[in-house]
Amino acid sequence: MPSSPTPSPTPEPSGVRRRSLLGAAAAAPVLASLAGAGSASAAPVASTTAGSTGGPRALPGGGDLGPNVIVFDPSTANIQGRLDEIFKQQESAQFGTGRYALLFKPGTYSGLNAQLGFYTSIAGLGLSPDDTTINGDVTVDAGWFDGNATQNFWRSAENLALVPVSGTNRWAVSQAAPFRRMHVRGGLNLAPDGYGWASGGYIADSRIDGTVGPYSQQQWYTRDSSVGGWLNAVWNMVFSGVEGAPAQSFPEPPYTTLETTPVSREKPFLYLDGDEYRVFLPEKRTGARGVSWGNGTPRGTSLPLAQFYVAGPDDSAATLNQALEEGLHLLLTPGIYHLDRTVEVNRAGTVVLGLGYATLIPDNGVTALKVADVDGVRLAGFLVDAGPVNSATLVEVGPEGASADHSANPTTVQDVFVRIGGAGPGKATTSLVVNSRHTIVDHTWVWRADHGDGVGWETNRADYGVVVNGDDVLITGLFVEHFNKYDVQWNGERGRTVFFQNEKAYDAPDQAAIQNGSIKGYAAYKVGDDVTEHEGWGLGSYCYYNVNPSIVQHHGFAAPNRSGVRFHGLLVVSLGGNGQYECVINDTGSPTSGTDTVPSKVVQYP
Numbered sequence: 011m012p013s014s015p016t017p018s019p020t021p022e023p024s025g026v027r028r029r030s031l032l033g034a035a036a037a038a039p040v041l042a043s044l045a046g047a048g049s050a051s052a053a054p055v056a057s058t059t060a061g062s063t064g065g066p067r068a069l070p071g072g073g074d075l076g077p078n079v080i081v082f083d084p085s086t087a088n089i090q091g092r093l094d095e096i097f098k099q100q101e102s103a104q105f106g107t108g109r110y111a112l113l114f115k116p117g118t119y120s121g122l123n124a125q126l127g128f129y130t131s132i133a134g135l136g137l138s139p140d141d142t143t144i145n146g147d148v149t150v151d152a153g154w155f156d157g158n159a160t161q162n163f164w165r166s167a168e169n170l171a172l173v174p175v176s177g178t179n180r181w182a183v184s185q186a187a188p189f190r191r192m193h194v195r196g197g198l199n200l201a202p203d204g205y206g207w208a209s210g211g212y213i214a215d216s217r218i219d220g221t222v223g224p225y226s227q228q229q230w231y232t233r234d235s236s237v238g239g240w241l242n243a244v245w246n247m248v249f250s251g252v253e254g255a256p257a258q259s260f261p262e263p264p265y266t267t268l269e270t271t272p273v274s275r276e277k278p279f280l281y282l283d284g285d286e287y288r289v290f291l292p293e294k295r296t297g298a299r300g301v302s303w304g305n306g307t308p309r310g311t312s313l314p315l316a317q318f319y320v321a322g323p324d325d326s327a328a329t330l331n332q333a334l335e336e337g338l339h340l341l342l343t344p345g346i347y348h349l350d351r352t353v354e355v356n357r358a359g360t361v362v363l364g365l366g367y368a369t370l371i372p373d374n375g376v377t378a379l380k381v382a383d384v385d386g387v388r389l390a391g392f393l394v395d396a397g398p399v400n401s402a403t404l405v406e407v408g409p410e411g412a413s414a415d416h417s418a419n420p421t422t423v424q425d426v427f428v429r430i431g432g433a434g435p436g437k438a439t440t441s442l443v444v445n446s447r448h449t450i451v452d453h454t455w456v457w458r459a460d461h462g463d464g465v466g467w468e469t470n471r472a473d474y475g476v477v478v479n480g481d482d483v484l485i486t487g488l489f490v491e492h493f494n495k496y497d498v499q500w501n502g503e504r505g506r507t508v509f510f511q512n513e514k515a516y517d518a519p520d521q522a523a524i525q526n527g528s529i530k531g532y533a534a535y536k537v538g539d540d541v542t543e544h545e546g547w548g549l550g551s552y553c554y555y556n557v558n559p560s561i562v563q564h565h566g567f568a569a570p571n572r573s574g575v576r577f578h579g580l581l582v583v584s585l586g587g588n589g590q591y592e593c594v595i596n597d598t599g600s601p602t603s604g605t606d607t608v609p610s611k612v613v614q615y616p
């Protein structure tokens, strides 16, 4: 995102006047709700000792959650003071090393304003969001950045009920800031104070009783939720399975609305069953609509913490692999993990769950994490930061050539974020590769940094963001930005994307640097020439070639021109005339409009 914005005007309720440019294992059966689950002072030290092969385990399951998991109960003294202390440390620490998970035991809390800074997650520990109620707010604003919310990344809120003090909670975020499994008993304001720029965002499995006001938010994706109303749209607002969503109306207003989400399975989450920590694994839903938790018994399975290796940042990749080989799942507590070898997930049904933006950094050019071609792996809630030595890949789901049918029990990748540069030099040829069939990627931001340390056209070189080779892959909430070549390259059959947000790399030095054979520039989203079936809904690409504004990008999207390859609701935008698009998809769609930051749109293709 550009880092020197000018505040946009206060919006009118009917819409927002556009600014001139972007600111840039054993499982329990289906469980009943645990109303008023009991308190626990710390994670228990578990005693499971049998490995997956029946032999003894050298590594224990369960254990303490570490110093950066802060657990509150309603009797905890000075909760607000502790929240303020962490926020002061994290408010502007965009590339800092602090990582925190703030967990609230079931009960009622009053008079709190939990302001969230970078790498801070807040979550309730009930089985339902309504088990943990805060009479107060969970706030994200942009005072640290002069009212510009376009860099409010890497923070999250999950599994809480909020009763906002003013009647409306403020959640002014941009990428990598999920709002999951939340119940807001009031409204939700997605803009910063003063209605400055914002470039979000993602809501899933949440109920907002009042109206959601996106105001200056350029784009947003909401999945399997319920809203009391939605105020306006700017460029690209996408809904799937959302009760109360605006009707389909793209291109004006730019609402892309699907009645249901084709397939979804909510993110695993930590909760308390009495005084025992467990991890709940929500079941897969087909044709989902509305929240998963609102009508009686939540459906899914549950694992005791005893079946997890509770990892800390001092653990080596060898230790993590040993735990996996012994049949344990991984719970990554907050911190930065340096990996001198790949973490290998080879067992079906394995859960790798991060807390507080646990961050994996591959050293010496290795791949951070690989998943075998097996059923039901769940990767969730962590950040992968490229190291200074180029990695060929950072995350691989399935080996090359994977072909097994996982339709009954797919692998899910949720809130797994990738960063190339920004916190320091980093390089990776391809960030995320999906080879396994039927994989569901639900909310990712794959980002080649445009600001911070270690940033430059060759300094943080990263040619490809997401490459999908597997068939039948579904991505819901896809954010990929600034790669040197294709941001997304999709080679598998029957792929589907619901919502895509992209910016092309800002820092291309000249036209020759982005030339793709005879084509001016690499598309943001490229469907392979041999693909016969593919479908996408609500996809946007923006260019901001601020190093060389004369650069021309032929199109944002490229795909075979055949009946089985279909797109709904496409747009491209030139931000303030810093570079231009000639077309939207292939040779179709009007060019962008000079220095005016006005989208060019294609309603259907072909």
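Under my numbering, the first residue of the sequence shown is numbered 11, with each subsequent residue one higher.
A virtual CB, placed ideally from N, CA and C, is assigned to each residue, including glycine.
With H, G and I counted as helix, E and B as strand and the rest as coil, what does DSSP make of residue i?
i           : result
residue 33  : Below a pLDDT of 50, predicted positions are generally treated as unreliable, and residue 33, at 35, falls in that range; no measurement from the model is reported.
residue 530 : coil
residue 525 : coil
residue 317 : helix
residue 92  : helix
residue 98  : helix
residue 141 : helix
residue 601 : coil
residue 372 : strand
residue 339 : strand
residue 390 : strand
residue 283 : strand
residue 362 : strand
residue 433 : strand
residue 105 : coil
residue 48  : Low per-residue confidence applies at residue 48: pLDDT is 29, beneath 50, and the placement is therefore not dependable, though the value from the model is reported in the following sentence. Note: residue 48 maps to coil in three-state DSSP.
residue 301 : coil
residue 253 : strand
residue 260 : coil
residue 225 : coil
residue 481 : coil
residue 395 : strand
residue 289 : strand
residue 76  : coil
residue 324 : coil
residue 146 : strand
residue 463 : strand
Just reading off the beta strand (DSSP E) that residue i is part of, what are its end residues?
i           : result
residue 180 : 178 to 180
residue 329 : Premise fails: residue 329 lies in the alpha helix (DSSP H), 327 to 335, not in any beta strand (DSSP E).
residue 231 : 229 to 233
residue 122 : 117 to 125
residue 240 : 236 to 240
residue 424 : 422 to 430
residue 475 : 474 to 478
residue 499 : 498 to 500
residue 402 : 401 to 407
residue 438 : 438 to 444
residue 309 : Unbroken run through residue 309: none, as it is neither H nor E.
residue 458 : 450 to 458
residue 347 : 346 to 349
residue 486 : 484 to 491
Check the C-beta distance from residue i over to residue j and give it rounded, since I have them as a contact under 8 Å.
i           : j           : result
residue 168 : residue 191 : 5 Å
residue 184 : residue 365 : Between residue 365 and residue 184 the Cβ distance is about 22 Å, and since that is not below 8 Å, they are no contact.
residue 427 : residue 467 : The Cβ separation is near 22 Å, so there is no contact.
residue 508 : residue 498 : Contact doesn't hold; Cβ gap of about 14 Å is too wide.
residue 662 : residue 447 : What is shown of the chain runs 11 to 616, which leaves residue 662 out entirely.
residue 477 : residue 449 : The Cβ separation is near 12 Å, so there is no contact.
residue 487 : residue 453 : 4 Å
Per DSSP, which residues does residue i bridge with? Please list them.
i           : result
residue 275 : 294
residue 132 : 112, 167
residue 610 : 582
residue 248 : 231, 266
residue 355 : 381
residue 81  : 113
residue 505 : 544
residue 367 : BP columns for residue 367 are empty, so no partner.
Can we count residue i as close to the ligand PLP, meaning its CB is less than 7 Å from some heavy atom?
i          : result
residue 80 : The model on display carries no ligand, and the ligand PLP is accordingly not part of it.
In the region 150 to 221, which residue ranges form an unbroken beta strand (DSSP E) of at least 3 residues, counting only runs that do not cross its ends? As summarised for the region 150 to 221, the continuous beta strand (DSSP E) elements at least 3 residues long and confined to that stretch are 165 to 168, 178 to 180, 197 to 199, 212 to 214, given in chain order.
For the region 507 to 584, which segments carrying the beta strand (DSSP E) assignment without a break, of at least 3 residues, lie completely within its bounds, in sequence order? DSSP assignment within the region 507 to 584 yields the following whole beta strand (DSSP E) runs of 3 residues or more, N-terminal first: 535 to 537, 544 to 553, 575 to 584.
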